[in-house]
Amino acid sequence: NAPKGLQDAFKDFTKPKYWQKHVWELDPDDQNNNGYQNEDLIVWMRTAALPTFRKLYRRVDHNISGFMDGLMRGKYELLVNYTYDVSHFDGSKRMILSTTSLIGGKNPFLGIAYIVVGCLCLLLGITLLFIHIKMGKSTTEIINVTPRTPWTPQ
Numbered sequence: 025n026a027p028k029g030l031q032d033a034f035k036d037f038t039k040p041k042y043w044q045k046h047v048w049e050l051d052p053d054d055q056n057n058n059g060y061q062n063e064d065l066i067v068w069m070r071t072a073a074l075p076t077f078r079k080l081y082r083r084v085d086h087n088i089s090g091f092m093d094g095l096m097r098g099k100y101e102l103l104v105n106y107t108y109d110v111s112h113f114d115g116s117k118r119m120i121l122s123t124t125s126l127i128g129g130k131n132p133f134l135g136i137a138y139i140v141v142g143c144l145c146l147l148l149g150i151t152l153l154f155i156h157i158k159m160g161k162s163t164t165e166i167i168n169v170t171p172r173t174p175w176t177p178q
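Here the sequence shown stands for residues 25 to 178, where the numbers follow the numbering used here.
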């Protein structure tokens, strides 16, 4: 962050069309979480690899008393300020409470793709091994050099 403050550093820049706040106003409670260091901004600006994606909003801190086993039972309310219109490209927004597994998030595409590519590599490896065993030269044919072995200089 700038020595005189973020507001001074960004004085010559305008905020994007749909932003409600300037980049220096993203976290009024913590001045060190403003600007391009703001975690919410970093997650939001990260490009998604697939057309259907999820972006992390918050995590449960399991070190806090009462949250060791996850969220406490009860009603939760989420206030959403709808500031970015997604209807012009047929987009939608949803709020999903989820947990991660050992291999990451809930999108099965990458897991399925890894398994398919792994199976193809295994099949190709077995096929090439079979071809090598059946049609390749044996080790004795390669090593067996006699005085009568033809030799041509390069």
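Don't be surprised by glycine CBs; every beta carbon is placed ideally from N, CA and C.
- In this structure, Asp-32 keeps its C-beta atom at 8 Å or more from the C-beta atom of Leu-50.
- Put simply, the backbone Cα of Val-169 is about 21 Å away from that of Ile-157.
- In this structure, Trp-48 lies near Asn-58, with their beta-carbon atoms less than 8 Å apart.
- In the three-state scheme derived from DSSP, where H, G and I count as helix and E and B as strand, Gly-135 is classed as helix.
- Per the coordinates, the alpha-carbon of Thr-38 lies some 13 Å from the alpha-carbon of Leu-30.
- In the DSSP assignment, Met-69 falls within the unbroken alpha helix (DSSP H) covering 63 to 69.
- The alpha-carbon separation between Asp-53 and Ala-73 amounts to approximately 32 Å.
- Between Glu-101 and the set Met-119, His-86, Gly-142, Glu-165, the nearest pair of CA atoms involves Met-119.
- In this structure, DSSP gives His-86 a state outside helix and strand, which the three-state scheme calls coil.
- Annotation for Ile-167: the continuous alpha helix (DSSP H) segment containing it runs 163 to 167.
- Taking the CA atoms as reference points, Tyr-106 sits about 33 Å from Gly-135.
- The beta-carbon separation of Leu-95 and Val-84, rounded to 6 Å, stays under the 8 Å limit for a contact.
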